[in-house]
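Asks: Residue numbers (my numbering): 12 to 264. By construction, the Cβ of each residue, glycine as well, lies at the ideal position given by its N, Cα and C atoms.
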């Protein structure tokens with residue numbers, strides 16, 4: 012096998028090697044003269060000027076990356092994993108209290124991306140409907156609120172695990188933990204790394220639904236539901252409340 016004569020294993024660096032596949036089909040002179048190959052097929056290959064010799068993979072030049080002194084001074088990344096003893100799994104009751112009837116933001120700490128969703132009341136099988144209310148939808152959320160609710164967006168809770176379908180067809184499944192009073196999450200397909208932070212932005216039944224923007228005035232906010240209301244409100248009443256709050260919060264008029 013090939014070895015790079017310039018490779019120095021004592022150098023603190025990451026070493027990458029890319030393989031670039033030649034985009035033309037593999038075809039040989041042996042195949043070209045095979046009796047089973049028709050003249051029409053040969054003419055097609057000839058029209059594309061495909062070489063008769065086998066086209067092997069072409070290797071790109073080695074790519075080197077060496078950490079800066081500042082990066083080395085920071086030391087190795089201390090990624091949090093689900094095996095960390097400081098993580099306390101949420102109970103099912105705590106998971107429900109965190110999500111059900113709340114506006115919750117789930118932030119990917121690695122990529123910086125965030126999901127901000129309303130999670131509706133649960134059915135008897137601990138499943139419910141969620142509604143996306145992300146910042147990039149603010150300008151038209153009020154106009155599309157009804158179709159967003161009617162779409163098939165389901166979530167479920169089991170123990171400290173929450174799962175819900177994403178708009179790209181994939182599924183978000185994660186375990187929730189308490190880490191030094193901050194709720195964090197580990198997605199099931201990320202080999203045990205705790206890459207997510209979970210924050211309740213609004214408890215629909217305890218707080219007014221006010222815009223996150225600092226420019227909002229008190230008139231932009233809606234009143235919280237009466238104190239005697241509880242989270243066992245019907246699905247219809249819950250979503251009616253959400254519609255009213257979202258329409259006022261994201262009004263485009």
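#1: Straight-line CA distance for residue 17 to residue 77?
#2: According to the neighbour-count rule (16 or more other Cβ atoms, all chains shown, within 10 Å of its Cβ), is residue 113 buried or exposed?
#3: Just reading off the alpha helix (DSSP H) that residue 58 is part of, what are its end residues?
#4: Any contact between the stretch 187–206 and the stretch 130–139? By contact I mean 3 or more CB pairs, one from each, below 8 angstroms.
#5: Of the choices 187, 199, 19, whose alpha-carbon is the least far from that of residue 108?
#6: At which residues does the beta strand (DSSP E) containing residue 106 begin and terminate?
#7: For residue 201, which three-state DSSP category applies?
#8: Relative to the C-alpha of residue 119, which candidate in 21, 96, 210 has its C-alpha closest?
#9: Cutting at 7 angstroms between CB atoms, please list the residues of its own chain near residue 117, excluding the five before and the five after it.
#10: Just reading off the alpha helix (DSSP H) that residue 80 is part of, what are its end residues?
Replies: A quick look at the data gives this:
#1: One alpha carbon belongs to residue 17, the other to residue 77, and they sit about 15 angstroms apart.
#2: Classification of residue 113: buried, given that the 10 Å Cβ count is 16 or more.
#3: DSSP places residue 58 inside the alpha helix (DSSP H), whose first and last residues are 50–58.
#4: Cβ pair count under 8 angstroms is below three, so no.
#5: Closest by alpha carbon: 187.
#6: Counting along the chain, residue 106 sits inside no beta strand (DSSP E); it lies in the alpha helix (DSSP H) bounded by residues 103–110.
#7: Reduced to three states, the DSSP call for residue 201 is coil.
#8: Residue 210 is the option with its Cα nearest to residue 119.
#9: The beta carbon of residue 117 sits closer than 7 angstroms to the beta carbons of 125, 126, 196, 207, 209 from its chain, once the five residues preceding and following it are set aside; these are given in chain order.
#10: Note, residue 80: alpha helix (DSSP H), 80–84.
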